[in-house]
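**Student:** In my numbering, the protein residues as written are 27 to 365. For every residue, glycine included, the Cβ atom is placed at its ideal position computed from N, Cα and C.
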Ligand code: ADP
Ligand code: MG
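(1) Among 291, 68 and 256, which one has its Cα closest to the Cα of residue 318?
(2) Tell me, to the nearest whole angstrom, how far the beta carbon of residue 57 is from that of residue 98; I am working on the premise that it is less than 8 Å.
(3) Provide the residue span of the alpha helix (DSSP H) that contains residue 72, from first to last.
(4) Using a Cβ-Cβ cutoff of less than 8 Å, which residues in the same chain neighbour residue 42 once the five nearest sequence positions on both sides are dropped?
(5) Using a Cβ-Cβ cut-off of 6 Å (strictly less than) and excluding sequence neighbours within five positions of residue 165, which residues of its own chain qualify?
(6) Would you check whether the ligand ADP has a heavy atom nearer than 7 Å to the C-beta of residue 98?
(7) I need the straight-line Cα distance from residue 239 to residue 30, nearest angstrom please.
(8) Span of the beta strand (DSSP E) holding residue 150?
(9) For residue 55, is the classification buried or exposed, using 16 other Cβ atoms within 10 angstroms of its Cβ as the cut-off for buried?
(10) Just confirm the distance between the C-beta atoms of residue 243 and residue 281, as a whole number of angstroms; I'd bet it's less than 8 Å.
(11) For the candidate residues 203, 161, 294 and 297, whose alpha-carbon lies nearest to that of residue 330?
(12) Roughly how many whole angstroms lie between the Cα atoms of residue 78 and residue 173?
(13) Would you identify the three-state DSSP class for residue 94, choosing helix, strand or coil?
(14) Rounded to whole angstroms, what's the CA-CA distance from residue 171 to residue 342? Just pull it up for me.
(15) Below 8 Å between beta carbons: does that hold for residue 194 and residue 66?
(16) Ends of the beta strand (DSSP E) at residue 115?
(17) For the beta strand (DSSP E) holding residue 34, just list the boundary residues, first then last.
(18) Going along the chain, which residues of its own chain have a beta-carbon closer than 8 Å to the beta-carbon of residue 253, five neighbours each way excluded?
(19) Thinking C-beta only, is residue 88 closer than 8 Å to residue 68?
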């Protein structure tokens, strides 16, 4: 047996990066969430080559002070929590302080960032975990991340990537979900120099649904607005007539977080059961708000799963909100007249 030893920092970072950064869409998710946490009102995501060679995310948020930039790229460095208790009152999407260090461990990263109070912007480059000097440059308030050549230094992981078309499709999906989860932010996606998505940030969820899903879905929605105990639910339930053959249209967000949850999925399907044929799944778009102390968001590094203190209560709230909408409304489809 070889001698037992502690791994060097760059190996540790590369291993840790594997948990957070699986593919280009993971990079886009982390950078978009950081922009949202930075209180940006507009974010532009630009990708080329399915995001494998080029991802640029520009926000007009709070920026990072010059002297804190290298620290932001260290593991477990965050401005969002101080102690583990903060996790139960958390309002931000991030808190683990792992994204920037993970991305910089497996890609070539450049950041230009400016806080409102500072005279100039700063530019910093870091690749494979090795940072350069911070430079002063001119730029508007906010932050731009440029991430190039994902997995350039981990050829094995690079081989696991799918084609640029497939990786690009994952990014489009993800940006659409995030746009739906934050109708107050104007989100733009440019893929290979072409505009793929542009939301206005005018708070109107239906406008975004229209942009992403089109007219048939938008004209067959029932509005949901329910508030019970500590849970409030707002959004739309699709009429059964626009049912789909897979679950991709069951959208739900908890406290602005895009997640997957068996409990919520089951609650949705239970409410639709009387109206649905087998193997058909509804369109839903639910914004669920709940007291943060009733959630555990720290279940998985990608934060795609969370744990409820009272799963049964969530289940009932979601099921009943949808059932009410389905029982009390006209379920006959809107006839769409061709113009
Ligand atoms: P986390 O989001 O979990 O705090 P990250 O590694 O994603 O960890 O980011 C580290 C820190 O860098 C954040 O806590 C934040 O202070 C800062 N940061 C990252 N992205 C941005 C951004 N777009 N605008 C302002 N600050 C940012
Ligand atoms: Mg983050």
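**Tutor:** Taking the geometry as given:
(1) 256
(2) Residue 57 to residue 98, Cβ: 12 Å. No contact.
(3) Taken as a continuous stretch (DSSP letters only), residue 72 belongs to no alpha helix (DSSP H), being part of the beta strand (DSSP E) at 68-74.
(4) 101, 124, 127, 128 and 131
(5) 138, 140 and 147
(6) With a cut-off of 7 Å, the C-beta of residue 98 is classified as near the ligand ADP, since at least one heavy atom of the ligand falls inside that distance.
(7) 55 Å
(8) 147-153
(9) buried
(10) Residue 243 to residue 281, Cβ: 25 Å. No contact.
(11) The residue with the shortest Cα to Cα distance from residue 330 is 203.
(12) 9 Å
(13) In this structure, DSSP gives residue 94 a helical state, which the three-state scheme calls helix.
(14) 42 Å
(15) Not in contact: residue 194 and residue 66 (Cβ atoms no closer than 8 Å).
(16) First-last for residue 115: undefined, no H or E at that position.
(17) Where residue 34 is concerned, there is no enclosing beta strand (DSSP E), given that its DSSP letter is neither H nor E.
(18) Closer than 8 Å at Cβ, skipping near neighbours: 259.
(19) no
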